[in-house]
Amino acid sequence: MVTARITVNGEETPIAPAPPHTTVLDFLRERGLTGTKEGCAEGECGACSVLVARPGVHKPTDWVPVNACLVPVAALDGQEVVTSEGLATAGTPGTPPVLHPVQEEMAVRGGSQCGYCTPGFVCSMAAEYYRPDRCASADRGSHPDRVRDAAEDAAGVAVTDAEHGPNGFDLHALSGNLCRCTGYRPIRDAAFAVGAPTDEDPLARRREQDPPAPVATEYRRDDSAFLRRSTLAETLRLLRERPEAVVVAGSTDWGVEVNIRSRRADCVVAVDRLPELRDLRVESDHIEIGSALTLTEIERRLDGTVPLLAQLFPQFASRLIRNGATLGGNLGTGSPIGDSPPVLLALEASLLLADADGEREVPLADYFTGYRQSVRRPGELIRAVRLPLPLAPVTAFHKIAKRRFDDISSVAVAFALDVEGGTVRKARIGLGGVAATPVRALATEAALEGRPWTTGTAEAAAEVLRGEGTPMSDHRASAGYRSAMLGQSLLKLYAQTTEAVPS
Numbered sequence: 006m007v008t009a010r011i012t013v014n015g016e017e018t019p020i021a022p023a024p025p026h027t028t029v030l031d032f033l034r035e036r037g038l039t040g041t042k043e044g045c046a047e048g049e050c051g052a053c054s055v056l057v058a059r060p061g062v063h064k065p066t067d068w069v070p071v072n073a074c075l076v077p078v079a080a081l082d083g084q085e086v087v088t089s090e091g092l093a094t095a096g097t098p099g100t101p102p103v104l105h106p107v108q109e110e111m112a113v114r115g116g117s118q119c120g121y122c123t124p125g126f127v128c129s130m131a132a133e134y135y136r137p138d139r140c141a142s143a144d145r146g147s148h149p150d151r152v153r154d155a156a157e158d159a160a161g162v163a164v165t166d167a168e169h170g171p172n173g174f175d176l177h178a179l180s181g182n183l184c185r186c187t188g189y190r191p192i193r194d195a196a197f198a199v200g201a202p203t204d205e206d207p208l209a210r211r212r213e214q215d216p217p218a219p220v221a222t223e224y225r226r227d228d229s230a231f232l233r234r235s236t237l238a239e240t241l242r243l244l245r246e247r248p249e250a251v252v253v254a255g256s257t258d259w260g261v262e263v264n265i266r267s268r269r270a271d272c273v274v275a276v277d278r279l280p281e282l283r284d285l286r287v288e289s290d291h292i293e294i295g296s297a298l299t300l301t302e303i304e305r306r307l308d309g310t311v312p313l314l315a316q317l318f319p320q321f322a323s324r325l326i327r328n329g330a331t332l333g334g335n336l337g338t339g340s341p342i343g344d345s346p347p348v349l350l351a352l353e354a355s356l357l358l359a360d361a362d363g364e365r366e367v368p369l370a371d372y373f374t375g376y377r378q379s380v381r382r383p384g385e386l387i388r389a390v391r392l393p394l395p396l397a398p399v400t401a402f403h404k405i406a407k408r409r410f411d412d413i414s415s416v417a418v419a420f421a422l423d424v425e426g427g428t429v430r431k432a433r434i435g436l437g438g439v440a441a442t443p444v445r446a447l448a449t450e451a452a453l454e455g456r457p458w459t460t461g462t463a464e465a466a467a468e469v470l471r472g473e474g475t476p477m478s479d480h481r482a483s484a485g486y487r488s489a490m491l492g493q494s495l496l497k498l499y500a501q502t503t504e505a506v507p508s
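Count along the sequence shown starting at 1, add 5, and that's the number in this note's numbering.
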């Protein structure tokens, strides 16, 4: 097996002797790259963000920012990383490095105050700077309510509003970065001032080449191992031999366990680069989404064709987390407050579960069996998520949380209704945060189906929805509040759809 190595700012270096649980953050800092900071160790603050070369959507390679505090450095065996130090280019002998355009704008516009968060902001901004489909908007003002015309749509002109700059910069790219000095206005100014990469920009040119190919990894130190096989079949055989192994993709959940709870595993198996888990296919009667595609990749490949998922993605943690998190991981943890299960329940999703003996399909509604428990057997992986077609025309995802973005939900409700001729022909409602598992609101669905989509029906069904699940009181919300939000969410859906669907 080839020695595990990682390329950082153009220099290849061995990962050894770092223990397998070592994060990219600690690995970098131990080598003097201290621009990468630890703030929360949970992927919430973004002070640790770095750029990784990953397969692109519009070009062969995308520069993708990730939370270095969560990713094991062994997971980047054979990969390329750029830190905030690597963005600047060397000057002539005897002169300081030349700042990257993002660094320059942050400096001249006062975007760096105490400076602790700045390198993380710079890396996230640089990824957006290099986003291939970012383009300047027409100079037609920046009123938040301005709507693009057909010509702008056809030309791919960027939206200009409170969260999108005239240069096409999407501020959601910074949703996972926290400024402790509350200095967001100059950071926003810097983001909206950057131009386009030049033809001489080495990181821009790098996008035209393929990213590093996934490599098989067998990294062992002392009594622990980080393993990655080349194929799904090899991985499933390994999991049959090591059913106790921890399976990771983006490590956005396991990384928190390692950092905050000091958990260690004798064996970690990575599945994030397996080609069999990274396919997305649209067939005549279903959509199949590979379990190891990141949420960002799914979002960009579907490009709004599944409206309920399109509503979910901006509310799922932050862009930094979505760049690593996967549907397979979110479902595999079995958390009752994961954001994707309610949406997938409303979409009537099923899971394709694979082990060394073969594959089976399980409706998601039958997957969860108890708190963080499921029908998935030892040695079995979620290979893909399957969504049946056609999709329900009336959908909504309501996430109730203390923060607008980058927060855990107190209650999550997903609706998928088929309303025809003013009558609810079919209703599917997924709930999160109100029981030991994500659940379908079966009683409410029955209260809606076959009835006219009117105020009376919505109010009666909302009363039923308030009684669904077994909500509990905790530090996020009381049981009473959760029940009230369930009913209110249906009334909100009705108010949002009455103009579009005649009552």
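From the three backbone atoms N, C-alpha and C, an ideal C-beta is built for every residue, glycine too.
Bear in mind the structure is a predicted one, so any value in this text is a computation, not a measurement.
Item                                                                                                                              : Value
Cβ neighbours of residue 506 in the same chain (closer than 8 Å, five flanking residues each side left out)                       : For residue 506, the predicted model reports a pLDDT of 49, less than 50, meaning its position is unreliable; a value from the coordinates is still stated below. These residues qualify, in order along the chain: 399, 424, 427, 458.
Rounded straight-line distance, which links the Cα of residue 372 to that of residue 317                                          : 21 Å
Chain-order list of residues whose beta-carbon lies under 8 Å from that of residue 305 (same chain, five-residue window excluded) : 62
Coarse secondary structure for residue 379, derived from DSSP in three states                                                     : strand
Contact check, residue 46 vs residue 74, beta carbons under 7 Å                                                                   : yes
Three-state secondary structure (DSSP) of residue 147                                                                             : With a pLDDT of 38 at residue 147, under the threshold of 50, the modelled position of that residue is not reliable, and no figure is offered here.
Residue closest to residue 36, alpha-carbon to alpha-carbon, out of 60, 57, 48, 11                                                : 11
First through last residue of the beta strand (DSSP E) which encompasses residue 323                                              : Counting along the chain, residue 323 falls outside any beta strand (DSSP E), and DSSP gives it neither H nor E.
Top-ranked residue by Cα proximity to residue 249, from 287, 175, 383, 132                                                        : 383
Rounded straight-line distance, which links the Cα of residue 232 to that of residue 158                                          : Note on residue 158: pLDDT 45, under 50, position unreliable in the model; no value is reported.
Alpha helix (DSSP H) runs wholly inside the region 78 to 111, at least 4 long, in chain order                                     : 89 to 92
Secondary structure, alpha helix (DSSP H): runs of 4+ residues fully inside the region 192 to 266                                 : 207 to 211, 237 to 246, 259 to 265
Opposing strand residues paired with residue 272 [DSSP bridges]                                                                   : 230
Among 348, 218, 405, 227, the one whose alpha carbon lies nearest that of residue 414                                             : 405
Status (buried if at least 16 other CB within 10 Å, exposed otherwise) for residue 26                                             : buried
Assigned exposure category for residue 200 - 16 Cβ within 10 Å defines buried                                                     : exposed
Minimum C-alpha distance to residue 575 - residue among 245, 172, 210, 205                                                        : As shown, the chain starts at 6 and ends at 508. That puts residue 575 outside it, with no answer to give.
For residue 137 and residue 67, the rounded distance between their alpha carbons                                                  : 8 Å
Rounded C-alpha distance that separates residue 148 from residue 345                                                              : Confidence in residue 148 is poor, its pLDDT being 36 and thus under 50, which makes the residue's placement unreliable; the coordinate value appears in the next sentence. Using only the alpha carbons, I get a separation of about 32 Å.
Residue 380 versus residue 356: straight-line alpha-carbon distance, rounded                                                      : 11 Å
Stretch-stretch touch, CB-based, cutoff 8 Å, three pairs: the region 432 to 444 with the region 332 to 347                        : yes
Range covered by the alpha helix (DSSP H) that runs through residue 72                                                            : First-last for residue 72: 66 to 72, but that is the beta strand (DSSP E), not the alpha helix (DSSP H).
Residue 30, buried or exposed, once every other Cβ within 10 Å from all chains shown has been counted against 16                  : buried
Top-ranked residue by Cα proximity to residue 108, from 308, 81, 88                                                               : 88
Beta-carbon spacing of residue 85, residue 207 below 7 Å                                                                          : no
Status (buried if at least 16 other CB within 10 Å, exposed otherwise) for residue 447                                            : exposed
Residue range of the unbroken alpha helix (DSSP H) whose run includes residue 432                                                 : Element bounds for residue 432: not the alpha helix (DSSP H) but the beta strand (DSSP E), 428 to 437.
Burial state of residue 119 (16 or more Cβ within 10 Å)                                                                           : exposed
Supposed contact pair residue 132 and residue 178 - C-beta distance, whole angstroms, cut 8 Å                                     : 7 Å
When 237, 236, 222 are compared against residue 230, the one with the closest alpha-carbon                                        : 222
Given 8 Å, three or more beta-carbon pairs between the region 76 to 85 and the region 348 to 368                                  : no
Local conformation of residue 183 per DSSP, three classes                                                                         : coil
Reduced DSSP category for residue 505 - H, G, I as helix; E, B as strand; rest coil                                               : For residue 505, the pLDDT reaches just 49, beneath the cut-off of 50, and the residue's location in the model is therefore unreliable, leaving the point undetermined.
Stretch-stretch touch, CB-based, cutoff 8 Å, three pairs: the region 464 to 475 with the region 429 to 440                        : yes
Assigned exposure category for residue 265 - 16 Cβ within 10 Å defines buried                                                     : exposed
DSSP state of residue 470 mapped onto helix, strand, coil                                                                         : helix
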